[in-house]
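Numbering (the working numbering), first residue to last: 417 to 598.
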């Protein structure tokens with residue numbers, strides 16, 4: 417009789433997408449600070465903004481791939497099992513992270529379109545705005561986009577801190593399940 421072997425780690429695609437998402441989120445967020453190094457109207461500033469928008473669009477694709485990978489692979493159990501309150505908190509944080517990972521870039525694209533701007537993806541593809549320009553609404557959307565991006569970073573930081581707490585204090589396998597490698 418052949419027994420089933422239960423996975424102790426997330427699948428390689430899930431781990432790769434997770435760490436690529438981390439890299440893209442940090443890069444996209446970091447570009448909002450880099451843009452201030454350049455004067456308004458300069459090609460460098462414009463390039464920095466299209467990189468920010470391009471990576472935001474990459475994030476949307478990564479999240480879509482993550483949903484597919486998440487729902488087509490098994491989630492390895494935590495060993496030892498989490499308490500009910502910790503499990504509920506974990507699911508709530510993951511849900512909020514997914515929500516923000518979709519909402520932040522989507523709102524960024526919508527705010528650009530509402531401002532009447534085209535989206536340029538890595539200088540290769542231009543997508544004209546399908547919306548009527550409304551500068552006031554665009555500005556409000558940009559503000560919300562920024563607040564949500566800040567919230568995403570804070571929540572991701574808490575998520576990382578919790579993973580480290582599990583690893584070093586609880587000494588369980590929460591972090592090891594998502595680490596790269598074999």
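Ideal placement from N, C-alpha and C gives every residue a C-beta, glycine not left out. Every value quoted in this text rests on a predicted model; they were computed, and no experiment measured them.
Under the three-pair Cβ rule at 8 Å, the stretch 531-550 does not count as touching the stretch 480-490.
For residue 537, the enclosing beta strand (DSSP E) begins and ends at 535-537. For residue 518, same chain residues with a beta-carbon under 8 Å away, outside a window of 5 residues either side, are 476 and 479 in chain order. The alpha carbon of residue 568 has as its nearest neighbour, out of 424, 440 and 425, the alpha carbon of 440. Pairing residue 505 with residue 532 gives a Cβ-Cβ distance that is not under 8 Å. For residue 542, the enclosing beta strand (DSSP E) starts and ends at 541-543. The continuous stretches of alpha helix (DSSP H) do not include residue 585, and DSSP gives it neither H nor E.
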